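What follows is a single structure, written as structure tokens, with notes after it.
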Amino acid sequence: MQRPTLFSVLVTVIRKDLLIEWRTRARINALVFFAIATLLIFSFALGPDTVLLRKNAPGYLWLGILFASVLSLSESMRIEIENSALDGVRLAPASARAIYLGKAIGNTLMLWLLTLVILPIAIALFDLSVREGFARLLGILFLGCAAISAPGTLYAAIAANARARDVLLPLLLFPVLIPGLLASVKATGVILEGDVMHQLGSWVGLLSAFNVLYWSLGFALFPRVIEDD
Amino acid sequence: MTTAFEIRDVSKRFGARWAVARLTYTLPLGQSLLLTGHNGSGKTTLLRMLATATFPTLGELTLFGRDAREHRDDLRTDIGLLSHASFLYEDLTAAQNLDVLARLIGLPDRERAIAQMLERVGLVSRTDSPVRQFSAGMRKRLAIARLLFKAPKLALLDEPFGELDPEGITQMEGLIRGLQAQGTSIVLATHLVEQGQALTTLRLHLENGRAVSA
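Chain order of the listed sequences is W and V. The working numbering puts the first residue of the first sequence at 17, with every later residue one more than the last. The working numbering puts the first residue of the second sequence at 13, with every later residue one more than the last.
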């Protein structure tokens with residue numbers, strides 16, 4: 017028997033995660049309702065002032081995604097811990113780094129799908145206009161979801177075996193995410209409000225650098241998290 | 013290479029407790045070993061070390077003549093572990109669980125292989141049922157199917173008869189004999205000593221992580 021390649025493991029892990037989600041739809045249903053509830057609360061808290069709503073929309077959109085991401089990342093690792101399924105994949109054998117990439121890409125896709133579902137609701141609630149720069153907005157949303165998923169997958173694995181994992185994950189994750197989240201909010205705001213000061217490039221640069229850093233760190237460190245040395 | 017594994021002065025510590033202490037043993041290739049001992053005697057820890065799921069705190073462990081820690085990725089292709097944990101995804105069906113493994117190990121003609129394997133372990137009628145609906149015995153059957161899929165050179169079986177009905181136990185014995193006929197080295201940990209002795213030629217008894225005469 018041959019050792020599987022990094023690519024074959026990565027594809028198998030993504031396929032398996034999406035298949036589980038397709039069969040149960042547990043995660044996406046919970047995420048969508050949670051994110052919509054968050055957006056509604058923020059929207060009603062601000063009241064009917066459309067200028068204020070538009071100004072704060074990027075922040076509230078990303079807070080909704082951030083809060084929902086904790087549920088998503090936690091659930092993504094729960095299915096691996098149940099019956100020690102992750103050990104089964106690891107001993108198959110599958111490289112820990114390939115497992116990381118598969119899980120992190122799967123988490124990114126799941127979060128991006130969530131943003132695609134809640135975006136029209138955010139547009140309606142916060143009276144946004146996205147006719148210009150819609151493709152760029154989707155790109156920023158994707159980069160932002162990737163920025164949450166890269167450290168999120170690593171920290172979800174660290175927290176997975178802890179008794180208070182649902183508390184531990186946001187405690188570990190949120191401080192780390194601040195630069196990536198700030199860049200996502202600012203880049204989204206610039207696209208929605210117009211880029212008169214030509215700031216988009218800088219924020220995309222910061223978001224891309226954050227992604228490169230944390231995808232590399234996750235790739236390098238994940239074996240230390242799931243391998244028992 | 014003439015040994016399936018060689019343990020030299022191996023100890024494994026969890027916190028302040030030594031689960032395995034200064035254990036030395038060699039299993040020749042193709043031989044079957046019965047591993048006995050009370051609960052907490054270190055059987056599962058030893059099996060997990062042999063599976064490269066965990067590694068010794070002290071001492072040296074080689075599998076097929078190669079250092080376990082250093083060559084873990086290569087060695088894992090030749091080792092199958094039937095553990096207390098089933099390694100199964102609850103929300104996938106029996107066939108989908110085997111398909112995940114088949115894709116990882118690059119098995120050709122997956123659909124046919126999966127159907128044949130489910131037939132072999134008596135789960136063909138539950139091919140498309142999610143594992144969540146399975147009884148403990150059915151999970152055990154599917155877990156052994158995962159092990160057989162790998163056609164390992166070293167099979168590590170932790171309480172393989174647990175949760176099985178009499179028919180399942182007979183079937184499991186047949187599967188173990190089948191592995192032996194293929195030249196697979198086997199380590200069988202069980203509390204059913206007579207049943208285990210009928211299937212093995214060697215015995216290692218553990219007490220508090222140490223080898224003692226049974």
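Note that the Cβ used here is the ideal one computed from N, Cα and C, for glycine as well. Everything numeric in this text was worked out from a predicted model, so none of it was measured.
> Does any CB atom of chain V fall closer than 8 Å to the CB of W:ALA178?
Replying inline: no
>> Under DSSP, the alpha helix (DSSP H) around V:PHE17 begins and ends at which residues?
In response: Segment 15–26 is the beta strand (DSSP E) holding V:PHE17; no alpha helix (DSSP H) there.
> Is there a Cβ from chain V that is less than 8 Å from the Cβ of W:ASN45?
Replying inline: no
> Among V:GLN145, V:PRO68 and V:SER197, which has the Cα closest to the Cα of V:TYR101?
Replying inline: V:GLN145
>> Taking the beta strand (DSSP E) that V:ARG34 belongs to, which residues open and close that run?
In response: 29–40
> Would you say W:GLU98 faces chain V, with C-beta separation under 8 Å as the test?
Replying inline: yes
>> Which residues in chain V have a C-beta closer than 7 Å to the C-beta of W:PRO109? List them in chain order.
In response: ASP85, ARG88 and THR89
> Where does W:ARG147 fall in DSSP's three states?
Replying inline: coil
> If V:HIS158 and V:MET150 are in contact, beta carbons under 8 Å, what's the gap, nearest whole angstrom?
Replying inline: Before going further, note that residue 158 of chain V is Arg rather than His in the sequence given. So it is not a contact: roughly 13 Å between Cβ atoms.
> For V:THR48, which of V:ALA201, V:THR213, V:PHE161 and V:PHE99 has the nearest alpha-carbon?
Replying inline: V:ALA201
> Name the chain W residues that come within less than 9 Å of V:ILE198, Cβ to Cβ?
Replying inline: The premise fails here: V:ILE198 is roughly 17 Å from chain W at the closest Cβ pair, so nothing lies under 9 Å.
>> Taking the straight line between their C-alpha atoms, what separation do you get for V:LEU218 and V:ILE19?
In response: 14 Å
> Using the beta-carbon count (16 or more within 10 Å), is W:TRP231 buried or exposed?
Replying inline: buried
> Smallest Cα separation from W:LEU34: which of W:THR204, W:ASN123 and W:ILE115?
Replying inline: W:ASN123
>> Between the region 102–109 of chain W and the region 131–138 of chain W, can you find at least three pairs of beta-carbon atoms closer than 8 Å?
In response: no
>> Considering Cα atoms alone, identify which of V:THR36, V:GLU131 and V:LEU110 is closest to V:ALA155.
In response: V:LEU110
> Hey, is the region 42–54 of chain W in contact with the region 84–94 of chain W, meaning 3+ C-beta pairs nearer than 8 Å?
Replying inline: yes
> Helix or strand or just coil, what does DSSP make of W:ALA172?
Replying inline: helix
>> Quick check: the region 170–184 of chain V against the region 194–208 of chain V, are at least 3 beta-carbon pairs closer than 8 Å?
In response: yes
> With DSSP run on the structure shown, which of helix, strand or coil describes W:ASP103?
Replying inline: helix
> Can you tell me whether W:LEU126 is buried or exposed, with buried defined as 16 or more other CB within 10 angstroms of its CB?
Replying inline: It is Met, not Leu, that sits at residue 126 of chain W in the sequence shown. W:MET126 comes out buried.
> For V:LEU116 versus W:VAL105, is the C-beta distance shorter than 8 Å?
Replying inline: yes
> If the cut is a Cβ gap below 7 Å, which residues of chain V does W:ILE36 touch?
Replying inline: TYR101, ASP103 and LEU104
>> Let's see if you can read the secondary structure: which residues bound the beta strand (DSSP E) around V:ASP170?
In response: 166–170
> Of the residues that make up the region 48–77 of chain V, which ones have a beta carbon closer than 9 Å to any beta carbon in chain W?
Replying inline: ARG60, ALA63, THR64, ALA65, THR66 and PHE67
>> On the criterion of 16 or more Cβ atoms from any shown chain inside 10 Å, does W:PRO74 qualify as buried, or is it exposed?
In response: buried
> For W:THR21, which of V:ASP85, V:ILE188 and V:LEU211 has the nearest alpha-carbon?
Replying inline: V:ASP85
>> When you compare the CB positions of W:GLU37 and W:ARG31, do they come within less than 8 Å of one another, or not?
In response: no
> In chain W, which residues lie less than 9 Å from V:ASP124 when you measure between Cβ atoms?
Replying inline: It is Arg, not Asp, that sits at residue 124 of chain V in the sequence shown. None at all; the shortest Cβ gap to chain W is about 18 Å.
> Whose Cβ in chain V lies nearer than 9 Å to the Cβ of W:VAL105?
Replying inline: PHE99, VAL112, LEU113 and LEU116
> Taking the Cβ atom as the reference point for each residue, do V:ALA167 and V:GLY92 lie within a distance shorter than 8 Å?
Replying inline: yes
> If you check the beta carbons only, do V:LEU45 and V:THR212 fall under 8 Å apart?
Replying inline: yes
>> Using a Cβ-Cβ distance cut-off of 8 Å, determine whether V:ARG153 contacts chain W.
In response: no
> Thinking just about the alpha-carbon of each residue, which of W:VAL206, W:VAL183 and W:GLY149 is nearest to the one in W:LEU87?
Replying inline: W:VAL183
> Can you name the residues of chain W whose CB is closer than 7 Å to the CB of V:GLN183?
Replying inline: Simply none; closest approach about 22 Å.
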